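A.B. asks:
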Amino acid sequence: MPRGVRRFSLLSGVALCAVLGGPLALAQASDNTIKQTLNSFAPKIVKDENAVKKGLAGYPKGKVRPLTHALKHEVGDLHALKSQLSHESASSASGAKAKTDIIKGLGLIASAYGTLRKDVLAAHGGPVPAAKVNAAVSTDKKGRTKFLAGLKLLRG
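The sequence shown: position 26 = 27 (our numbering), numbered continuously.
1. So Leu-122 and Thr-69 are supposed to be a Cβ contact under 8 Å. How far apart are they, rounded?
2. From what residue to what residue does the alpha helix (DSSP H) around Ser-87 run?
3. Pull up the distance between the alpha-carbon of Lys-119 and that of Val-65, whole angstroms please.
4. For Gly-158 versus Lys-147, is the C-beta distance shorter than 9 Å?
5. For Ala-97, which residues from the same chain have a beta carbon less than 8 Å from its beta carbon, with the 5 sequence-adjacent residues on both sides left out?
6. Can you tell me which of Ser-87, Ser-139, Thr-116 and Val-53 puts its alpha carbon nearest to the alpha carbon of Thr-38?
7. Tell me whether Gly-115 is buried or exposed, calling it buried when 16 or more other Cβ atoms sit within 10 Å of its Cβ.
8. Which class does Gly-23 belong to by DSSP, given the choice of helix, strand or coil?
9. Looking at the unbroken alpha helix (DSSP H) that takes in Pro-1, where does it start and where does it end?
10. Expressed to the nearest angstrom, what Euclidean distance is found between the alpha-carbon atoms of Lys-100 and Gln-85?
11. In whole angstroms, what separates the C-alpha of Ala-94 from that of Leu-109?
Structure representation (structure tokens):
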């Protein structure tokens with residue numbers, strides 16, 4: 002497996018597991034619906050991240066399907082979370098900004114995963130070009146920066 006794919010997995014898995022699995026319930030009483038939605042999706046996202054990690058482990062051995070399936074499932078869950086959040090109302094100005102940042106971040110992360118999935122499929126089990134992996138990692142980092150900024154506002 003190319004080093005960049007491994008780095009992408011590490012960045013995405015660690016950041017999302019640590020952030021979504023964290024104690025959002027301890028935050029202030031405002032914007033509880035947004036926090037509850039994030040908490041309700043956390044186990045699903047963590048499960049998806051673990052499936053992506055397993056898929057990446059099998060990828061250098063020519064097993065493409067588990068990785069592409071995991072990436073597709075992860076993208077679907079990220080879009081579902083994004084969609085659900087977009088229909089919820091914030092109860093404060095910081096909650097509204099947090100929601101916007103989180104939705105933007107989720108979109109960028111989903112885009113990075115979707116692009117990586119397409120690149121893996123195009124490589125037919127071979128290595129994904131480093132430039133494409135680096136582009137996905139860059140998009141992922143931008144998304145995580147937005148996502149984390151939104152979570153920080155919610156915890157405020």
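Idealized CB from N, CA, C, for every residue including glycine. It should be emphasised that the depicted structure is a prediction, and the values quoted were computed from it without experimental measurement.
C.D. replies: Looking at the coordinates:
1. As a first step, residue 122 must be located in the sequence shown, where it is residue number 121. As a first step, residue 69 must be located in the sequence shown, where it is residue number 68. 6 Å between Cβ atoms; contact.
2. The sequence position of residue 87 within the sequence shown is 86, counting from 1. Residues 66 to 87.
3. Counting from 1 along the sequence shown, the entry for residue 119 is found at position 118. Counting from 1 along the sequence shown, the entry for residue 65 is found at position 64. Roughly 11 Å between the two C-alpha positions.
4. No answer is possible for residue 158: it lies beyond the span of the chain, which begins at 2 and ends at 157.
5. By 1-based counting over the sequence shown, the position of residue 97 is 96. The answer, listed in chain order, is Ala-91.
6. Here residue 38 corresponds to residue number 37 of the sequence shown, with the count starting at 1. It is Ser-87.
7. By 1-based counting over the sequence shown, the position of residue 115 is 114. Buried.
8. Walking along the sequence shown from the start, residue 23 turns up at place 22. Low per-residue confidence applies at Gly-23: pLDDT is 47, beneath 50, and the placement is therefore not dependable enough to give any value.
9. Given a span of 2 to 157 for the chain in the structure shown, any question on residue 1 remains unanswerable.
10. Position 99 of the sequence shown holds residue 100. Position 84 of the sequence shown holds residue 85. Taking the straight line from one Cα to the other gives about 11 Å.
11. Along the sequence shown, read from residue 1 onward, the residue named residue 94 stands at position 93. Along the sequence shown, read from residue 1 onward, the residue named residue 109 stands at position 108. In a straight line, the C-alpha of Ala-94 is about 23 Å away from that of Leu-109.
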